[in-house]
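Just add 2 to the spot in the sequence shown (first one is 1) and you have the numbering used here.
For every residue, glycine included, the Cβ atom is placed at its ideal position computed from N, Cα and C.
Values in this document were obtained by computation on a predicted structure and should not be read as measured data.
Notes for the one structure printed next.
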Amino acid sequence: MPLRLAILEADTPVPAANERYKGYLGVFRHLFARAVAPAALESVLTLTGHDVVHNPSSAYPDLDEVDAILITGSKYNAFDNDDWIVTLVEYVRKALLRQDRPVKVVGVCFGHQIVARALGALVARNDKGWEVSVVETTLTEKGKELFGGRETLKIQQMHRDQVFGVPPGAELLASTEKCGNQGFIIPGRVITVQGHPEFTEDIMDELLELRHQSGLFTDELYQSGKTRNGDHHDGVFVAQVFVKFLQGQ
3 MPLRLAILEA DTPVPAANER YKGYLGVFRH LFARAVAPAA LESVLTLTGH DVVHNPSSAY
63 PDLDEVDAIL ITGSKYNAFD NDDWIVTLVE YVRKALLRQD RPVKVVGVCF GHQIVARALG
123 ALVARNDKGW EVSVVETTLT EKGKELFGGR ETLKIQQMHR DQVFGVPPGA ELLASTEKCG
183 NQGFIIPGRV ITVQGHPEFT EDIMDELLEL RHQSGLFTDE LYQSGKTRNG DHHDGVFVAQ
243 VFVKFLQGQ
């Protein structure tokens, strides 16, 4: 039986990407299809999308009817106390506390920070600034074990907030010079990454263009991000590790 994975959509992709993929459900469907082979996806994962920003009172799936949840990235701040963000944190905490039939939790960028917040860790603005485009992360011993013995992992980044420290009971997976917590794991329960394995080169390019045009990104940050966006990154490999985690391997 395929695993039932609920994608908690904490934002809408930038316009061209949204048109192409039809929301973050489509973005992650594209990622997981490449990770397991398109023809095999439906035999491995059943994906459902849930808009937790605009319909927080009705969007959430019954935890008895899913095997895992994945919280997506977002332009919003995971440390804010908007009603929908507080509701999301509470829902994730509820999933994490289940004992009778555990629901696994995957967090990506904003989702990584939301999971950390639900576990009691501090999430705040990083005084080292933005981390964007393809960045090489240094894996911890646990990270090396999880990612097949690799020393480093390249992943798309788009954040200026970070998790400070490691949540109780979790093990750090990776770090960069700018961001000490690039992901963590609680075996059998939680896996997170600060980066964006789901971002393709076209999604990152659109984000860089829009945020440069708006003045949010300096010329220097924009040019640096554009230069590295063509680099190889390990997004599909990260998704394959997610699938193994969900399958209990």
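Let me confirm a value: residue i is counted as buried when at least 16 other C-beta atoms fall within 10 Å, else exposed. Which label applies?
i	result
N231	buried
N83	exposed
G150	exposed
T139	buried
T85	One point to set straight first is that residue 85 is Asp, not Thr, in the sequence displayed. Looking at its Cβ environment, which holds fewer than 16 other Cβ atoms inside 10 Å, D85 is exposed.
S216	exposed
Please state whether the Cβ-Cβ distance between residue i and residue j is less than 8 Å.
i	j	result
F247	I188	no
D163	F81	yes
A61	L7	no
P169	L99	no
K106	R191	yes
R36	V238	yes
E29	A19	Note that residue 29 is Val in the sequence shown, not Glu. Yes, they are a contact pair.
T74	V125	no
K156	D233	yes
Identify whether residue i lies in helix, strand or coil by the three-state DSSP scheme.
i	result
V137	strand
H52	strand
G167	coil
A176	strand
A39	coil
L218	coil
V18	Val is not the amino acid found at residue 18; the sequence shown has Ala there. Three-state result, A18: helix.
G109	strand
T229	helix
R103	coil
E11	strand
Per DSSP, residue i forms a beta bridge with which residues?
i	result
R6	T48
I157	V137
Cβ pair count under 8 Å reaching 3, the stretch 89-97 against the stretch 125-140: Pairwise C-beta distances place the stretch 89-97 out of contact with the stretch 125-140, as fewer than three of them are shorter than 8 Å.
Segment contact, 8 Å Cβ cut-off, at least three pairs: the stretch 47-54 with the stretch 102-115: At 8 Å Cβ cutoff, the stretches do not touch.
Cβ contact check for the stretch 172-186 and the stretch 204-213: 3 or more pairs under 8 Å: Short answer: they don't touch.
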